[in-house]
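Remarks on the structure that follows.
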Amino acid sequence: MTNLEELADRLAIEALRVDYTDAATERDHDRLIALFTEDGVYRIPDGGIEYLGRDQLRAGQLQLAAVWEFFVQDTHQGPIELAGDTATGRVPTFELGRFRDGRSMVNYGTFHDRYRRTADGWRFAEREYRIRYFDPSPLAGGPRVELPEPAPETAPAGSDR
């Protein structure tokens, strides 16, 4: 493999990871499912979640989306180890959200990934999210912007205004 081929593979895998984060936050289930191989696996061991294959992943994603008032995910670059048409990697991740029942969560974790090159490009063969920090404290904010009314402008004492 040439350095340019390796660079192209790394960029394609990074784009795959970015697409996942965007699809998850935007609730674009079709795009998210398409990022996995047909036999792809998705796990969150701390949440008791495991989906095997695209059909289970679709059903699981729709079920999860139904319980969220809002959900935001932010990821950071992590290492990628290439091995021909497969690769592994880790992705540090921050998430926050509020469930429709009023419970909230903030967590930091790491995706542990296996990638596979397919005819459609690089895809997730396996994605496992391991939570490193979890905080169920109620979130004060939300998805709607509500700015306070501006204070009336007053002139400082002793000014001509």
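In this text, residue positions in the sequence shown follow UniProt numbering: the first is 1, and each later residue adds one. The C-beta atom is built at its ideal place from N, Cα and C for all residues, glycine as well.
query, result
"Between Gly-102 and Ile-131, which are expected to be in contact by the criterion C-beta below 8 Å, what is the C-beta distance as a whole number of angstroms?", "Contact doesn't hold; Cβ gap of about 21 Å is too wide."
"In terms of alpha-carbon separation, which member of Val-72, Ala-34, Ala-87 lies closest to Gln-56?", "Ala-34"
"Any idea if Trp-68 is buried or exposed, counting beta-carbon neighbours within 10 angstroms, 16 or more meaning buried?", "exposed"
"Please determine, among Pro-79, His-29, Gly-142, the residue with the shortest C-alpha to C-alpha distance to Gly-60.", "His-29"
"On a CA-only basis, which of Thr-25, Thr-86, Arg-10, Pro-152 is nearest Thr-37? Give me that one, please.", "Thr-86"
"Is it the case that the stretch 135–145 contacts the stretch 110–120, given that we only count it when at least three CB pairs across the two stretches are under 8 Å?", "no"
"Smallest Cα separation from Ile-13: which of Phe-99, Ala-66, Tyr-42, Pro-79?", "Pro-79"
"Write down every uninterrupted run of the beta strand (DSSP E) in the UniProt domain \"SnoaL-like\" (5–127) whose length is 3 residues or greater and which is fully enclosed by it, in chain order.", "36–44, 49–52, 68–75, 80–83, 86–99, 104–118"
"Alpha carbons only, please: which of Asn-3, Leu-32, Leu-4, Asp-9 is nearest the one belonging to Thr-88?", "Asp-9"
"On the CB-based measure, 16 or more other CB atoms within 10 Å of its CB, does Tyr-133 come out buried or exposed?", "exposed"
"Using DSSP bridges, identify the partner residues of Arg-130.", "Thr-110"
"Closest to Phe-71 by C-alpha separation, out of Glu-95, Arg-123, Glu-149, Arg-116, would be which residue?", "Glu-95"
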